[in-house]
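Residue numbers are given in the numbering used here: position 51 of the sequence shown equals residue 43, and the series is strictly consecutive.
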Amino acid sequence: MFYQIKILDQKINKLFEEQVGFSLTRYEMLMILHDKAPCLQGELQNHLQIDQAAITRQLQILEDKGYVARKRNPENNREVIVEPTSKVVAAIDECEANCSRQSLMDIINLSSEEVAQLTHLLEKFEQGLNHIK
């Protein structure tokens, strides 16, 4: 079962990136920045539960594409402040238009009831995993 989940995760990530133009991880970063900007790079790292190298790599890609700007915190030179650019709102709007629940149902041929059941089971699975920690 865990192998199936891993394969599905890879396929979903690939499909999402093909549809939107950036990974789910980067999309999550953009959503966090959109809601809580400006944000320290370390806060993003903790929220996403990824290591320092991964957050730096992901932010570098977003910075190169013009989605974020990074600068040193003048009060603590060891911290990096990350801010979204004006491209973020447009990117999020486009993503939400391209990746709606309806398009997901069409792609994998699920009824509304099946989507509700799947959502419930995924939430239950996540809650169970949270109790393990």
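Think of the CB as a built atom: it goes at the ideal place given N, C-alpha and C, for glycine as much as any other residue.
8 angstroms Cβ shell around residue i - same chain, five flanking residues per side excluded
| i | result |
| --- | --- |
| H39 | I24 |
| L36 | M21, I24, L25, I47, L51, V74 |
Whole-Å CB distance - residue i paired with residue j, under 8 angstroms assumed
| i | j | result |
| --- | --- | --- |
| F8 | L16 | 5 angstroms |
| H26 | V107 | H26 to V107, Cβ: 25 angstroms. No contact. |
| E71 | L32 | 5 angstroms |
Under the three-state DSSP convention, the category residue i falls into
| i | result |
| --- | --- |
| N101 | coil |
| I84 | helix |
| A29 | coil |
| K63 | strand |
| I73 | strand |
| D43 | coil |
| K57 | coil |
| M(-7) | coil |
| G13 | coil |
Residue i versus residue j: straight-line alpha-carbon distance, rounded
| i | j | result |
| --- | --- | --- |
| R64 | P76 | 15 angstroms |
| A46 | E10 | 21 angstroms |
| L110 | E88 | 20 angstroms |
| I73 | I124 | 33 angstroms |
| K6 | S104 | 24 angstroms |
| T48 | H112 | 34 angstroms |
| K3 | A61 | 30 angstroms |
| Y127 | F14 | Residue 127 lies beyond the range of the chain shown here (-7 to 125); nothing can be said about it. |
Same chain, Cβ closer than 6 angstroms to residue i, five either side skipped, listed in chain order
| i | result |
| --- | --- |
| K79 | G58, Y59 |
Nonlocal neighbours in the same chain, by C-beta distance under 7 angstroms from residue i, ignoring five residues either side
| i | result |
| --- | --- |
| Q50 | T17, R18, M21 |
| K(-2) | none |
Which residues DSSP lists as bridging residue i, in chain order
| i | result |
| --- | --- |
| N68 | N65 |
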